[in-house]
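In this note's numbering, the protein residues as written are 392 to 605. Comments concern the structure below.
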Amino acid sequence: EDIVKKLNAQFPDDPKWAVRLSDIYLLKGNAKDALEMIEAVIANRPNINLRAHLLAAEAARRSKNIKKSVEILERAHAMHPANRVVLNNLIYSLSFDRKTIPRAMELLPKLSDLWGDSFVAYDTAATVYRNADDEEKSVEYLKKAMKSIKNVDPTWLERNPKAVDIDTYVGEYDYSLDEGISGIQKNIRALKRRDIYSTGADLNKMLQRAANEE
C-alpha cells in the first residue's frame, strides 16, 4: 500500500496508481476512502476503462450508497451495453430500492439473453423478485439457479472463462454444490439474509471478468 501511495504521488497524471490504491482500500474494507479516490479519477477521466467504473460502483455499494452505485453502473452500461457483469451488477443495485425495482425487472430479459440459462441470470432474478416481495417467483428462480449448477464439476466451472464464477455467485450461499435441489429451503433462508456486497476475495475476479468482455 505504501509503495502504491508513493507511486500515485509521484505520477499524478497516471490514473492506474489511483485505481490500484482504490482497489487496495476496498480489499482492506475501507470503502469510503476507495470511493473518494476512484470518484476523483472518473470525474477527471470519464472515459477511463471499465475496471475503474466497476471499482467505483463496488465501493459505493459497500458504502451502502446504492443510489450512487446505480448512477455509476448506468453510465457503465450505456458505454458497454453488452457487458454481462456490468448489467448483472446494475440489476442487483436497482433491486435494492423499491423505486427502481421496475427498472431491474425491465432489464432481466436482457441479462438472460447475455448469460443464457445460467446460475447468474437465475440468481439475479431470484434476488430481484425477493426484494419485490414476490417469494413465489424468487423461489422459482432460485430452484432454476440451483438446478443449473447441479452435477456440474466445480473445477470445470472455475477454469472455464465463460462459466459462472463460483466464488462470486455461489460463495455467499450456505450450501455446497453437491447438495443440489435438496438444499432449497436452506438457500431460501440464505437468500433472504444476503446483500449485494461481494467479498473482497471476489472483487478482482469480478473486475477481470468484466474487463475481458469490454
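Built from N, CA and C at the ideal position, the CB exists for glycine as well. Fair warning: this is a prediction, and the values are worked out from it, not measured in the lab.
- Annotation for Ser529: the continuous alpha helix (DSSP H) segment containing it runs Glu526 to Ile540.
- Closest in C-alpha terms to Arg466, from the list Ala443, Lys538, Asp504 and Lys455, comes Ala443.
- The beta carbons of Val511 and Leu485 sit no closer together than 7 angstroms.
- Looking from the CA of Arg452, the closest CA among Ser539, Gly507 and Glu427 belongs to Glu427.
- The alpha-carbon separation between Arg521 and Leu533 amounts to approximately 10 angstroms.
- The shortest C-alpha to C-alpha distance from Ile463 to any of Ala448, Met470, His471 and Pro472 is the one to Ala448.
- At least 7 angstroms separates the beta-carbon of Leu446 from that of Arg475.
- In this structure Asn480 is buried. Its beta-carbon is surrounded by 16 or more other beta-carbon atoms within 10 angstroms.
- Exposed is the label assigned to Ala473, since fewer than 16 other Cβ atoms lie within 10 Å of its Cβ.
- Annotated as proximal: Tyr416 and Ala425, with beta-carbon spacing under 7 angstroms.
- Cβ-Cβ distances below 6 angstroms link Lys528 to Tyr520 in the same chain, with the five nearest sequence neighbours on each side left out; the list follows chain order.
- Around the Cβ of Asp414, a 10 Å sphere holds 16 or more other Cβ atoms; the residue is buried.
- Between the alpha carbons of Lys490 and Asp404 lies a distance of about 39 angstroms.
- In this structure, the beta-carbon distance from Ala516 to Leu499 falls below 7 angstroms.
- The straight-line gap separating the alpha-carbon atoms of Asp508 and Lys397 is approximately 46 angstroms.
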